[in-house]
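S.K.: Okay, handing you the structure first.
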């Protein structure tokens with residue numbers, strides 16, 4: 001195993017995940033508070049750890065693409081004709097509504113609008129993706145004729161005016177039919193249907209392996225919005241927050257939930273629980289009872305809820321959680337030392353490297369293992385097995401975020417939040433296409 005910066009990563013994650021207040025997370029009914037009797041583990045004696053639940057999932061690719069080596073075939077698994085038909089229909093509808101209600105001057109560019117078709121929308125999407133590869137700080141520079149800035153390919157695919165009009169009228173919902181009292185998710189009404197359609201495709205195309213992770217992701221957004229969030233340890237810090245469930249090994253984004261603050265729509269089965277638990281259980285709902293192993297951060301506080309649904313968990317823990325052994329927080333440990341407590345299938349432990357780390361696992365004990373740093377001539381370190389597994393499986397969301405940041409489809413100048421979300425969903429579809437392409441033997 002390779003590990004050097006892993007512990008620093010874990011410390012950073014543990015110290016920064018304070019997005020949910022203690023009052024929110026402690027409102028979970030199935031919290032650690034119900035765990036009455038913790039027994040201290042004698043670390044001088046080797047104890048067998050509890051086994052994982054039997055895995056009955058059926059992971060892998062669930063659609064046929066044959067031996068295709070064309071990346072576009074994989075992208076079309078997600079952005080299929082139904083998706084394009086939907087976007088084209090709503091964009092044309094919104095443009096027609098705009099002309100009926102707006103008073104345009106004779107010189108207005110909008111008067112050059114003509115209803116678009118699927119082929120034109122595909123060209124538009126292609127230019128969005130190309131902007132992530134050929135990056136320029138100002139969007140109109142892609143059509144510049146100045147020799148130092150010129151990229152003539154953009155103009156050959158679509159004129160700047162046509163591109164600008166499609167971006168202006170780009171829409172994903174029927175505004176005329178909207179009823180705030182009937183819509184399930186009014187805050188996300190402008191993009192909720194598209195998001196649901198894409199998530200359904202993410203889930204049907206590929207099923208993750210046993211190890212999965214849930215973490216937060218952030219869409220950078222500087223506009224005015226009541227449910228804009230701040231996550232200090234993310235690259236962007238301010239923006240629109242999503243919860244994502246990923247395959248730990250590949251980073252494939254299997255499910256996601258857009259957080260809109262109070263009123264965020266979760267699965268009805270979990271409405272009586274706290275926000276942190278609702279988010280995780282909603283993402284995990286279709287995988288419960290199959291022996292999956294979830295790695296998550298310390299905002300999730302209801303391991304017993306997962307155990308009852310035959311799902312294992314490994315993650316960091318807040319030492320001030322109700323129901324934990326008092327000694328877990330009060331005991332002082334030296335660097336390299338560990339203390340642990342057991343309650344049924346749950347084991348909580350405190351280990352110190354640079355800072356004290358608090359871990360919870362349903363299939364680990366306090367056993368340690370040797371790990372070697374990636375740095376040359378570095379010493380071998382001894383770490384708890386739970387920490388090593390956490391570092392190996394927690395990075396699914398961060399892996400996808402990092403890779404997508406290299407070729408950003410989203411632009412900082414995008415003012416409309418729903419268009420920002422659309423660009424991010426497009427990014428997710430590209431990433432998942434790449435993962436499936438590589439799993440099927442593709443090479444780029």
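In full-length UniProt numbering, the protein residues as written are 1 to 444. Ideal placement from N, C-alpha and C gives every residue a C-beta, glycine not left out. A quick note: this is a predicted structure, and the numbers were derived from the prediction, not measured.
1) Buried or exposed: which applies to residue 45, given that a residue is buried once 16 or more other Cβ atoms fall within 10 Å of its Cβ?
2) Ends of the alpha helix (DSSP H) at residue 326?
3) For the segment 118-130 against the segment 156-165, do three or more pairs of beta-carbon atoms, one drawn from each stretch, fall closer than 8 Å, so that the two count as touching?
4) Can you grab the Cα-Cα spacing for the pair residue 296 / residue 258, in whole Å?
5) For residue 225 and residue 145, I'd like the C-alpha separation in whole angstroms.
6) Would you kindly report the start and end of the unbroken alpha helix (DSSP H) that includes residue 195?
7) Using CA atoms only, rank isn't needed, just tell me which of 86, 84, 130, 115 is closest to residue 97.
8) For residue 110, which three-state DSSP category applies?
9) What residue does the beta strand (DSSP E) around residue 217 start on, and which one ends it?
10) Note down, in chain order, each residue of its chain lying with its Cβ closer than 7 Å to the Cβ of residue 282, except the 5 sequence neighbours on either side.
11) Starting from residue 148, follow the alpha helix (DSSP H) in both directions and report where the run begins and ends.
12) From the DSSP secondary-structure annotation, give me the bridge partner or partners of residue 296.
13) Quick check on residue 363: does DSSP put it in helix, strand or coil?
14) Residue 99 by DSSP, collapsed to three states: which one?
15) Span of the alpha helix (DSSP H) holding residue 167?
16) Pairs of beta-carbons, one from the segment 163-178 and one from the segment 239-254, closer than 8 Å: are there three or more?
17) Which word fits residue 60, buried or exposed, when buried means at least 16 other C-beta atoms lie within 10 angstroms of its C-beta?
18) What first and last residue would you give for the beta strand (DSSP E) that runs through residue 242?
19) Between residue 371 and residue 359, what straight-line distance do the alpha-carbon atoms span, to the nearest angstrom?
20) Taking three-plus beta-carbon pairs below 8 Å as touching, is the segment 40-54 in contact with the segment 417-429?
21) In or out: residue 350 buried (at least 16 other Cβ within 10 Å) or exposed?
22) According to DSSP, what are the bridge partners of residue 384?
23) Hey, how far is the Cα of residue 401 from the Cα of residue 217?
24) Just to confirm my understanding: we take residue 290, look at its own chain, exclude 5 residues before and 5 after, and list those with CB closer than 6 Å. What are they?
25) For residue 215, count neighbouring C-beta atoms within 10 Å of its own C-beta (all shown protein chains included) and say buried if the count is 16 or more, exposed if not.
26) Counting beta carbon pairs with one atom in the segment 173-192 and one in the segment 361-371, are three or more of them shorter than 8 Å?
27) With a threshold of 8 Å, are at least 3 pairs of Cβ atoms found where one atom belongs to the segment 59-76 and the other to the segment 380-390?
28) Indicate the three-state DSSP secondary structure (helix, strand or coil) for residue 439 in the structure shown.
M.R.: Reading it off the structure:
1) To locate residue 45, count along the chain shown from 1; it is residue 45. It counts as exposed.
2) For the purposes of this step, residue 326 is taken as residue 326 along the chain shown, with counting starting at 1. Residue 326 -> alpha helix (DSSP H) spans 326-330.
3) Segments in contact, yes.
4) Against the chain shown, residue 296 aligns to sequence position 296. Against the chain shown, residue 258 aligns to sequence position 258. Roughly 17 Å separates the two Cα atoms.
5) The residue labelled residue 225 in the question sits at position 225 within the chain shown. The residue labelled residue 145 in the question sits at position 145 within the chain shown. When rounded, the distance between both Cα atoms is 36 Å.
6) Here residue 195 refers to the residue found at position 195 of the chain shown. Its alpha helix (DSSP H) spans residues 192-205.
7) Along the chain shown, one-based indexing puts residue 97 at 97. The residue with the shortest Cα to Cα distance from residue 97 is 115.
8) What you label residue 110 is simply residue 110 of the chain shown in a count that begins at 1. In the structure shown, residue 110 sits in a helix (DSSP, three-state: H, G or I).
9) As a working mapping, residue 217 is identified with position 217 in the chain shown. Its beta strand (DSSP E) spans residues 211-220.
10) If you number the chain shown from 1, residue 282 lands on position 282. Residues 257, 266, 267, 270 of the same chain have their beta carbon placed closer than 7 Å to that of residue 282, with the five preceding and five following residues left out of the count.
11) Residue 148 sits at position 148 when you count from the first residue of the chain shown. Per DSSP, residue 148 belongs to no alpha helix (DSSP H) and is neither H nor E.
12) As a working note, residue 296 is residue 296 in the chain shown. Under DSSP, the beta-bridge partners assigned to residue 296 are 315.
13) Position 363 of the chain shown holds residue 363. Note: residue 363 maps to coil in three-state DSSP.
14) Within the chain shown, the letter at position 99 stands for residue 99. DSSP places residue 99 in helix when its eight states are reduced to three.
15) Translated into positions along the chain shown, residue 167 becomes position 167. Per DSSP, residue 167 belongs to the alpha helix (DSSP H) from 160-169.
16) By the Cβ rule, the segment 163-178 does not count as touching the segment 239-254, because fewer than three pairs are nearer than 8 Å.
17) As a first step, residue 60 must be located in the chain shown, where it is residue number 60. So residue 60 ends up on the exposed side.
18) For the purposes of this step, residue 242 is taken as residue 242 along the chain shown, with counting starting at 1. For residue 242, the enclosing beta strand (DSSP E) covers residues 238-247.
19) Position 371 of the chain shown, counted from the start, is the residue given in the question as residue 371. Position 359 of the chain shown, counted from the start, is the residue given in the question as residue 359. The straight-line gap from Cα to Cα measures roughly 18 Å.
20) Counting Cβ pairs under 8 Å, fewer than three are found: no touch.
21) Residue numbering aside, residue 350 sits at position 350 when the chain shown is read from its first letter. Residue 350 should be labelled buried.
22) Residue numbering aside, residue 384 sits at position 384 when the chain shown is read from its first letter. According to DSSP, which records beta bridges pairwise, residue 384 is partnered with 368.
23) Counting from 1 along the chain shown, the entry for residue 401 is found at position 401. Counting from 1 along the chain shown, the entry for residue 217 is found at position 217. Between residue 401 and residue 217, the C-alpha separation is close to 7 Å.
24) To locate residue 290, count along the chain shown from 1; it is residue 290. Closer than 6 Å at the Cβ level, and outside the excluded window around residue 290, lie 56, 57.
25) For the purposes of this step, residue 215 is taken as the residue at position 215 of the chain shown. With 16 or more other Cβ atoms within 10 Å, it is buried.
26) The segment 361-371 makes no contact with the segment 173-192; the number of CB pairs closer than 8 Å stays below 3.
27) Segments in contact, no.
28) Counted from its first residue, the chain shown places residue 439 at position 439. For residue 439, the three-state secondary structure derived from DSSP is helix.
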